[in-house]
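Colleague: For the sequence shown, position 55 (counting from the first letter as 1) is numbered 55 according to this note's numbering, and the numbering increases by one without interruption.
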Amino acid sequence: MYCGQQNPDLYFDENIRHGISSFSALANLDEVKKGLAQLRRDIDSGEINSVIKSYENNIGDYLYIIAKKTEA
1 MYCGQQNPDL YFDENIRHGI SSFSALANLD EVKKGLAQLR RDIDSGEINS VIKSYENNIG
61 DYLYIIAKKT EA
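1) Starting from Gln38 and walking both ways along the alpha helix (DSSP H), at which residues does that stretch end?
2) So for Asp61, helix, strand or coil by DSSP?
3) Three-state secondary structure (DSSP) at Asn7?
4) Go through its chain and collect everything with a Cβ distance to Tyr11's Cβ below 7 Å, but skip five positions before and after it.
5) How many Å lie between Phe23 and Asp9 at the Cα?
6) By Cβ distance, which residues of its chain are closer than 7 Å to Ile48, with the 5 residues on each side in sequence left out?
In C-alpha coordinates:
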(Lines of atoms letter the chains of each structure in order from A and count residues from 1; the text may use other names and numbers.)
(Lines give C-alpha, C1' and ligand atoms only; values in the text may rest on other atoms or scores of the structure.)
Protein backbone atom coordinates (compact mmCIF):
# COMPACT_ATOMS: atom_id res chain seq x y z
CA MET A 1 0.00 0.00 0.00
CA TYR A 2 2.90 2.35 0.69
CA CYS A 3 4.73 1.81 -2.61
CA GLY A 4 3.87 5.34 -3.73
CA GLN A 5 4.38 6.98 -0.38
CA GLN A 6 7.15 9.20 -1.73
CA ASN A 7 6.03 9.00 -5.37
CA PRO A 8 2.21 9.13 -5.40
CA ASP A 9 2.06 9.17 -9.21
CA LEU A 10 2.62 5.41 -8.99
CA TYR A 11 -0.99 4.96 -7.84
CA PHE A 12 -2.24 6.05 -11.28
CA ASP A 13 -0.66 2.93 -12.82
CA GLU A 14 -3.40 0.30 -12.94
CA ASN A 15 -0.82 -2.51 -12.87
CA ILE A 16 0.56 -1.21 -9.59
CA ARG A 17 -2.91 -0.88 -8.08
CA HIS A 18 -3.71 -4.46 -9.10
CA GLY A 19 -0.65 -5.59 -7.14
CA ILE A 20 -1.94 -3.96 -3.95
CA SER A 21 -4.57 -6.07 -2.23
CA SER A 22 -6.28 -3.04 -0.70
CA PHE A 23 -7.04 -1.82 -4.20
CA SER A 24 -7.56 -5.10 -6.04
CA ALA A 25 -9.61 -7.02 -3.48
CA LEU A 26 -11.12 -4.59 -1.02
CA ALA A 27 -11.69 -1.20 -2.64
CA ASN A 28 -14.88 0.06 -4.22
CA LEU A 29 -14.19 1.18 -7.82
CA ASP A 30 -16.06 4.48 -7.38
CA GLU A 31 -14.07 5.25 -4.22
CA VAL A 32 -10.82 4.52 -6.05
CA LYS A 33 -11.81 6.85 -8.92
CA LYS A 34 -12.74 9.62 -6.46
CA GLY A 35 -9.54 9.08 -4.49
CA LEU A 36 -7.40 9.20 -7.62
CA ALA A 37 -9.14 12.41 -8.74
CA GLN A 38 -8.41 14.00 -5.35
CA LEU A 39 -4.83 12.74 -5.44
CA ARG A 40 -4.38 14.30 -8.90
CA ARG A 41 -5.68 17.63 -7.58
CA ASP A 42 -3.33 17.42 -4.59
CA ILE A 43 -0.34 16.61 -6.80
CA ASP A 44 -1.16 19.36 -9.29
CA SER A 45 -1.67 21.98 -6.56
CA GLY A 46 1.39 20.93 -4.56
CA GLU A 47 -0.76 20.10 -1.53
CA ILE A 48 0.62 16.54 -1.65
CA ASN A 49 3.94 17.85 -0.34
CA SER A 50 2.24 19.07 2.85
CA VAL A 51 0.45 15.76 3.24
CA ILE A 52 3.67 13.76 2.80
CA LYS A 53 5.51 16.02 5.23
CA SER A 54 2.77 15.69 7.86
CA TYR A 55 3.34 11.92 7.99
CA GLU A 56 7.14 12.01 8.29
CA ASN A 57 8.48 10.08 11.27
CA ASN A 58 11.42 7.98 12.39
CA ILE A 59 9.44 5.10 13.85
CA GLY A 60 8.35 3.29 10.67
CA ASP A 61 5.06 2.70 8.92
CA TYR A 62 3.82 -0.59 10.34
CA LEU A 63 2.77 -1.83 13.73
CA TYR A 64 2.65 -5.50 14.63
CA ILE A 65 0.76 -6.63 17.68
CA ILE A 66 1.28 -10.08 19.10
CA ALA A 67 -1.42 -11.27 21.46
CA LYS A 68 -1.67 -14.40 23.50
CA LYS A 69 -4.94 -15.77 24.73
CA THR A 70 -4.80 -16.74 28.38
CA GLU A 71 -6.68 -19.59 29.92
CA ALA A 72 -9.84 -18.47 31.66
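All C-beta atoms in this analysis are idealised placements derived from N, C-alpha and C, irrespective of residue type, glycine included.
Modeller: So, from the listed chains and residues:
1) Along the sequence shown, read from residue 1 onward, the residue named residue 38 stands at position 38. According to the DSSP assignment, Gln38 belongs to the alpha helix (DSSP H) that extends over 29 to 45.
2) Numbered from its first residue, the sequence shown carries residue 61 at position 61. In the three-state reduction of the DSSP assignment, Asp61 falls in the coil class.
3) As a working note, residue 7 is residue 7 in the sequence shown. Coil, per DSSP.
4) Working through the sequence shown from its first residue, we reach residue 11 at position 11. Cβ neighbours of Tyr11 beyond the five flanking positions: Gly4, Arg17, Leu36, Leu39.
5) By one-based count along the sequence shown, residue 23 stands at place 23. By one-based count along the sequence shown, residue 9 stands at place 9. Their backbone Cα atoms lie some 15 Å apart in a straight line.
6) In the sequence shown, residue 48 corresponds to position 48, counting from 1. Beyond the five residues adjoining it in sequence on each side, Ile48 comes within less than 7 Å, by CB distance, of Pro8, Asp42 in the same chain, given in chain order.
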